[in-house]
Ligand SMILES: Cc1cc2nc3c(=O)[nH]c(=O)nc-3n(C[C@H](O)[C@H](O)[C@H](O)COP(=O)(O)O)c2cc1C
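Residue numbers (the numbering used here): 1027 to 1186.
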């Protein structure tokens, strides 16, 4: 039996950010954002109107790892599920570590109709993990790079 179900309320209230785009991967304008849920708006600081029709590249910046986003594109074109992590930027310019899955949604045809991403800000979690790593090795290169990105933002904000 099919129970009555308001899928939009569920989508809007998921803990993870959800982003749905069209499937135009080629060109600087694509893919275009069709839908984002409330968690995604909260995470990025953008309003819904500021993201609608834009490309998710709006979240990228100085420390975004090109290899990670390059592998996303390659995996989508190979019909694979992408899972990765890189620096993204809130509307304020603040960097945060985005951890996300990205994959195609298929309708009845073999061609994808949407791309969807499940997105999470893991900056706090990584801060705890990498602080522990620094206790073991104060020269841990991954941890030092991570904290230098956050420090760079804090210093820039102080100057402004
Ligand atoms: C559904 C979807 C969500 C995406 N979300 C992000 C994101 O949160 N952060 C990000 O850096 N790139 C994200 N991307 C990747 C960029 O839109 C783009 O595909 C990527 O930068 C690779 O293309 P390029 O090499 O032409 O820039 C997303 C892509 C899709 C299809």
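Beta carbons: idealized from backbone N, C-alpha and C, even for Gly.
Checklist entry - Using the rule of at least 16 other Cβ atoms within 10 Å of the residue's Cβ for burial, across every protein chain shown, is residue 1113 buried or exposed? => result The residue in question, residue 1113, is buried, as its Cβ has 16 or more Cβ neighbours within 10 Å.
Checklist entry - How would you write the range of the alpha helix (DSSP H) that residue 1095 sits in, first residue to last? => result From DSSP, the alpha helix (DSSP H) with residue 1095 extends over 1092–1103.
Next on the checklist: Measuring straight from C-alpha to C-alpha, what distance separates residue 1086 and residue 1030?
Outcome noted: In a straight line, the C-alpha of residue 1086 is about 39 angstroms away from that of residue 1030.
Item to check | Beta carbon of residue 1098 nearer than 7 angstroms to that of residue 1108 | outcome: A contact, by the Cβ cut-off of 7 angstroms.
Checklist entry - CB residue 1043 to CB residue 1145, shorter than 7 angstroms? => result Yes.
Next on the checklist: Quick check on DSSP: helix, strand or coil for residue 1158?
Outcome noted: Of the three classes helix, strand and coil, the one that applies to residue 1158 here is helix, per DSSP.
Checklist entry - DSSP on residue 1134, reduced to helix/strand/coil? => result If DSSP states are grouped into helix, strand and coil, residue 1134 belongs with coil.
Checklist entry - Could you give the residue range of the alpha helix (DSSP H) that holds residue 1177? => result Segment 1167–1185, the alpha helix (DSSP H) holding residue 1177.
Next on the checklist: Distance check for residue 1137 and residue 1148, CA to CA, integer angstroms please.
Outcome noted: Going by the C-alpha atoms only, they are around 32 angstroms apart.
Checklist entry - Between the C-alpha atoms of residue 1104 and residue 1131, what's the straight-line distance to the nearest angstrom? => result Approximately 14 angstroms, taken between the alpha carbons.
Next on the checklist: For residue 1046 and residue 1035, which I take to be in contact (beta-carbon distance under 8 angstroms), what is that distance rounded to the nearest angstrom?
Outcome noted: Wrong, their Cβ atoms sit about 16 angstroms apart, outside the cutoff.
Item to check | Beta-bridge partners of residue 1121, as assigned by DSSP | outcome: Its beta-bridge partners are 1115.
Next on the checklist: Using C-beta distances below 8 angstroms, list every residue in its chain close to residue 1074, excluding the 5 sequence neighbours before and after it, in chain order.
Outcome noted: Within the same chain, residue 1074 has close Cβ partners 1062, 1067.
Checklist entry - Under the three-state reduction of DSSP, which class applies to residue 1106: helix, strand or coil? => result Looking at residue 1106 - three-state DSSP - the assignment turns out to be coil, as it is neither helix nor strand.
Checklist entry - Exposed or buried, which one is residue 1154 when buried takes at least 16 other CB atoms within 10 Å? => result With fewer than 16 other Cβ atoms within 10 Å, it is exposed.
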